[in-house]
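Residue numbers (my numbering): 28 to 239.
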């Protein structure tokens, strides 16, 4: 369908390789629509060619049954917003824009990180309140830069951005899930997304931190 072509990337099922508490993934994509003039080019792994056919049939049948085009477009728009919000976080990590990283993760993630850093400072007999830790991360001063630099020693953003396959799991009112897989792994990482203050945020801690 050329009209109202969904502006959302379609991805296959994929799996996860875990390193420390973080996940590494690989992406392999081929053009779904190779001809020019069809709008945005979508990408899909070769293994899902049959799924594409079924998806196209579903869209055509849905249209013939009178499902409003606006409903489909609205769903596609929200899906794209969820995927874009997640991508922005990993791009910010790759470029070491830690102030932007702080603004792209959930309140729960920020609270946990501040609490963990404060505990370590307290154990080291360093007098630094949680409020000061929060301010440091918001401005990205010394604590912030040290924390995220160490984080990136264990996590390579390009494994998500260039070497992984993404699949939108679900979208609910204020929650969503993106499944991210490394090319040869057998399990999936389910990236948790939350809508806070009208914007989609990444549940970094909710997704990757090991429960104590």
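Heads up, the beta-carbon is just placed ideally off N, CA and C, and yes, glycines get one too.
On a predicted model such as this, the values are computed, not experimentally measured, just so you know.
Alpha carbon to alpha carbon, how far is residue i from residue j?
i	j	result
residue 68	residue 136	For residue 68, the predicted structure reports a pLDDT of 29, less than 50, and the residue's modelled location is therefore unreliable. A value from the coordinates is still provided. Distance between the alpha carbons of residue 68 and residue 136 is about 34 Å.
residue 140	residue 175	11 Å
residue 208	residue 218	10 Å
residue 183	residue 156	31 Å
residue 229	residue 153	30 Å
residue 160	residue 145	7 Å
residue 220	residue 143	21 Å
residue 232	residue 211	25 Å
residue 203	residue 117	17 Å
residue 103	residue 206	17 Å
residue 114	residue 131	10 Å
residue 227	residue 149	33 Å
residue 123	residue 134	20 Å
residue 164	residue 125	8 Å
residue 119	residue 201	23 Å
residue 180	residue 121	12 Å
residue 37	residue 158	Caution is warranted here: a pLDDT of 30 is assigned to residue 37, below 50, making its placement in the model unreliable, and no coordinate value can be reported.
residue 225	residue 197	18 Å
residue 215	residue 147	31 Å
residue 105	residue 173	35 Å
residue 199	residue 112	16 Å
Identify every residue that forms a DSSP beta bridge with residue i.
i	result
residue 197	204
residue 227	222
residue 140	Its beta-bridge partners do not exist; DSSP assigns none.
Between which two residues does the alpha helix (DSSP H) carrying residue i extend?
i	result
residue 172	169-181
residue 155	Here residue 155 belongs to no alpha helix (DSSP H), and DSSP marks it neither H nor E.
residue 131	125-131
residue 102	96-121
- Touching or not, the stretch 183-202 and the stretch 162-172, by the rule of three or more beta carbon pairs under 8 Å? no
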